[in-house]
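As numbered in the UniProt record's numbering, the sequence shown has no gaps in its residue numbers, which increase by one up to the final residue, 347.
For every residue, glycine included, the Cβ atom is placed at its ideal position computed from N, Cα and C.
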Amino acid sequence: MTTQATALLTPSTGAPFERGSITRRSLNSDDVLIEIAYAGICHSDIHNVRDEWAPGIYPMVPGHEIAGIVTEVGSDVTKFKVGDRAGVGCFVDSCGTCGPCRAGEEQFCEQGAVMTYNSTDYDGDVTYGGYSTHIVVKQDYVLHIPDSLALDSAAPLLCAGITTYSPLRHWNAGPESKVAVIGMGGLGHMAVQYAHAMGSHVTVISQTRAKEEDGKRFGADDYRAMNEEGTLKALRDSFDLIINTVSADIDLNAMLKTLKLDGTLVFVGLPENRQDFTVFSLTAQRRSLAGSNIGGIRETQEMLDFSAEHGITSQVEVIDADQVDEAYERVVNSDVRYRFVIDVATI
Ligand code: NAP
Ligand code: ZN
Numbered sequence: 001m002t003t004q005a006t007a008l009l010t011p012s013t014g015a016p017f018e019r020g021s022i023t024r025r026s027l028n029s030d031d032v033l034i035e036i037a038y039a040g041i042c043h044s045d046i047h048n049v050r051d052e053w054a055p056g057i058y059p060m061v062p063g064h065e066i067a068g069i070v071t072e073v074g075s076d077v078t079k080f081k082v083g084d085r086a087g088v089g090c091f092v093d094s095c096g097t098c099g100p101c102r103a104g105e106e107q108f109c110e111q112g113a114v115m116t117y118n119s120t121d122y123d124g125d126v127t128y129g130g131y132s133t134h135i136v137v138k139q140d141y142v143l144h145i146p147d148s149l150a151l152d153s154a155a156p157l158l159c160a161g162i163t164t165y166s167p168l169r170h171w172n173a174g175p176e177s178k179v180a181v182i183g184m185g186g187l188g189h190m191a192v193q194y195a196h197a198m199g200s201h202v203t204v205i206s207q208t209r210a211k212e213e214d215g216k217r218f219g220a221d222d223y224r225a226m227n228e229e230g231t232l233k234a235l236r237d238s239f240d241l242i243i244n245t246v247s248a249d250i251d252l253n254a255m256l257k258t259l260k261l262d263g264t265l266v267f268v269g270l271p272e273n274r275q276d277f278t279v280f281s282l283t284a285q286r287r288s289l290a291g292s293n294i295g296g297i298r299e300t301q302e303m304l305d306f307s308a309e310h311g312i313t314s315q316v317e318v319i320d321a322d323q324v325d326e327a328y329e330r331v332v333n334s335d336v337r338y339r340f341v342i343d344v345a346t347i
């Protein structure tokens, strides 16, 4: 039997959200039905509904930071039972057989992972995300949310958490490393907490000093503001690893020069525009420029367990469905501390 879910949808590019109804498929034997409690607002949702990366599929129901409770399971489901706390992140299927999928890095699936919304699944059906009351997902793409994490502040871990945890692990952040986090929004405030928990020395590079106290509370050892003269010059040759979470253009060339010998700057922020640098900024200190895309299911579960173990969670502002348009404006203006989460019961 299919499920009618109530959803917040946007009918066309940049149009305000409205309530509507969407149909969730009847459960296959390996599917679970989740009643969604909270859905985080990621800056990627905004890029998507504004067609900043590519033309979107409309009507669009965004949301890939999903936390809720399992209310029904298919006949072959072994990993979940009714009543379990469950999370869904940025993708809901992948081919399962290619090299990356077999390595647990489904986000790099050679056939293209099926994204949670604004995508089509392997049957050609459009996917709809977490700004809705229910979702049906294959058990292999659903995460267990540890009991010690509240569902509202755990929801953002499904994207903001894994997107920052994964590159910190991949580039071996640890007690020996000096890590910089550029931009302290949804992703940035998670990056600071994880890098600190991994033992690294952490510097936040923000636009202003407005969030300095929060940064220190999240574990930053140092905090610098771009609106102060000479900030990047003073940081020349400082960092082993930079996680750039900025959603807009940065002075990439100047940022690269803050890396030490063999340091790496990783883009997780996905600005609409091309970014520019001179090759000399790399060659001068054998620096690397890299990118990272969310994380696989195995690592997402590891990140959730690590978060529970270290008491790390997102700092959230829970909002009603009627506040989503306004919240989008506030995110774009860097006026969020540090993630808006929709209380799905208000949809
Ligand atoms: P967010 O909450 O809006 O945070 C972005 C931060 O960037 C802001 O808080 C602000 O930090 C800084 N910033 C914004 N505009 C700026 C500007 N014009 N100049 C300099 N700094 C600016 O967004 P988010 O949800 O963390 O997402 C950040 C980016 O990551 C987005 O582009 C998103 O699409 C992307 N993303 C990528 C992945 C991936 O897998 N690679 C996954 C999720 C999201 P301060 O106020 O501290 O300056
Ligand atoms: Zn996201």
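{"Asked": "Under a criterion of Cβ closer than 5 Å to any non-hydrogen atom of the ligand ZN, which residues qualify, in chain order?", "Found": "CYS42, SER44, CYS159"}
{"Asked": "Exposed or buried, what is ALA31 when buried is set at 16 or more other beta-carbons lying within 10 Å of its beta-carbon?", "Found": "Per the sequence shown, the amino acid found at residue 31 is Asp instead of Ala. By the neighbour-count rule (16 or more Cβ atoms within 10 Å), ASP31 is buried."}
{"Asked": "Evaluate PRO16 with the Cβ neighbour count: other Cβ atoms within 10 Å of its Cβ, from every protein chain shown; 16 or more gives buried, anything less gives exposed.", "Found": "exposed"}
{"Asked": "Please report the distance separating the alpha-carbon of ALA225 from that of ASN28.", "Found": "51 Å"}
{"Asked": "Just to confirm before moving on: does the CB-CB distance between VAL61 and LEU9 stay below 7 Å?", "Found": "yes"}
{"Asked": "Can you tell me which residues form a DSSP beta bridge with VAL318?", "Found": "VAL341"}
{"Asked": "Assuming GLY215 and CYS159 make a contact with CB atoms under 8 Å, what is their CB distance in whole Å?", "Found": "Between CYS159 and GLY215 the Cβ distance is about 21 Å, and since that is not below 8 Å, they are no contact."}
{"Asked": "I want to check one thing, is the minimum distance from the CB of ALA180 to the heavy atoms of the ligand NAP below 6 Å?", "Found": "no"}
{"Asked": "Tell me, to the nearest whole angstrom, how far the beta carbon of ILE347 is from that of ALA321; I am working on the premise that it is less than 8 Å.", "Found": "4 Å"}
{"Asked": "Tell me the residue span of the alpha helix (DSSP H) that contains ASN48.", "Found": "43-49"}
{"Asked": "Just reading off the beta strand (DSSP E) that THR163 is part of, what are its end residues?", "Found": "From DSSP, THR163 is part of no beta strand (DSSP E) but of the alpha helix (DSSP H) over 160-170."}
{"Asked": "Any heavy atom of the ligand NAP within a distance shorter than 6 Å of the CB on HIS144?", "Found": "no"}
{"Asked": "Counting Cβ pairs, one atom from each stretch, are 3 or more of them under 8 Å apart for the stretch 38-58 and the stretch 139-156?", "Found": "yes"}
{"Asked": "Which same chain residues, not among the five before or five after ASP165, have their C-beta less than 6 Å away from its C-beta?", "Found": "For clarity, residue 165 is Tyr in the given sequence; the question names Asp instead. Same-chain partners within the cutoff: TYR194, MET303."}
{"Asked": "Relative to the alpha-carbon of MET255, which residue among SER119, ARG274, THR231, THR6 has its alpha-carbon at the smallest distance?", "Found": "THR231"}
{"Asked": "Taking Cβ to Cβ, would you say ALA180 is nearer than 7 Å to PHE218?", "Found": "no"}
{"Asked": "So, using beta-carbon positions, are PHE277 and ASN244 closer together than 7 Å?", "Found": "no"}
{"Asked": "Starting from GLN4, trace the beta strand (DSSP E) both ways and give me its first and last residue.", "Found": "3-9"}
{"Asked": "Would THR313 and ILE162 qualify as a contact pair, given that the criterion is a beta-carbon distance under 7 Å?", "Found": "no"}
{"Asked": "Mark TRP53 as exposed unless 16 or more other C-beta atoms lie within 10 angstroms of its C-beta, in which case mark it buried.", "Found": "exposed"}
{"Asked": "Comparing C-alpha positions only, which one of ASP251, LEU151, VAL202 sits nearest to SER307?", "Found": "LEU151"}
{"Asked": "Smallest Cα separation from GLY185: which of ARG337, THR2, VAL344?", "Found": "ARG337"}
{"Asked": "So, with DSSP's three-state summary, where would you put ASN227?", "Found": "coil"}
{"Asked": "If you draw a straight line from the C-alpha of VAL344 to the C-alpha of HIS43, how long is it?", "Found": "18 Å"}
{"Asked": "Which whole-angstrom value describes the C-beta separation of THR23 and THR6, a residue pair presumed to lie in contact below a C-beta threshold of 8 Å?", "Found": "About 11 Å separates the two Cβ atoms, so there is no contact after all."}
{"Asked": "Could you pull out every residue in the same chain whose Cβ sits closer than 7 Å to the Cβ of PRO146, ignoring the five residues on either side in sequence?", "Found": "LEU304, ASP305, ALA308"}
{"Asked": "Going along the chain, which residues of its own chain have a beta-carbon closer than 6 Å to the beta-carbon of GLY291, five neighbours each way excluded?", "Found": "PHE267"}
{"Asked": "Tell me the DSSP secondary structure of LEU151 in three-state form.", "Found": "helix"}
{"Asked": "Relative to the ligand NAP, is the shortest distance from any of its heavy atoms to the C-beta of THR245 smaller than 6 Å?", "Found": "yes"}
{"Asked": "Kindly give me the distance between the Cβ atoms of ARG298 and ASP262, rounded to whole angstroms, as I take these residues to be in contact under 8 Å.", "Found": "Contact flag wrong, Cβ pair sits at about 28 Å."}
{"Asked": "Nearest to THR78 by CA position, among GLN139, ILE182, ARG339, THR13, is which residue?", "Found": "GLN139"}
{"Asked": "Which residue wins for smallest C-alpha separation from HIS170, given the options SER119, THR264, CYS109?", "Found": "THR264"}
{"Asked": "Counting C-beta neighbours from all protein chains within 10 Å, is the total for ALA234 16 or more, i.e. buried, or is it exposed?", "Found": "exposed"}
{"Asked": "Please list, in chain order, all residues of the same chain as THR120 whose beta carbon is under 8 Å from its beta carbon, the five residues on each side excluded.", "Found": "ILE57, VAL114, VAL126, THR127"}
{"Asked": "Residues in the same chain with beta-carbon distance under 7 Å from LYS211, minus the five sequence neighbours each way, listed in chain order, please.", "Found": "MET184"}
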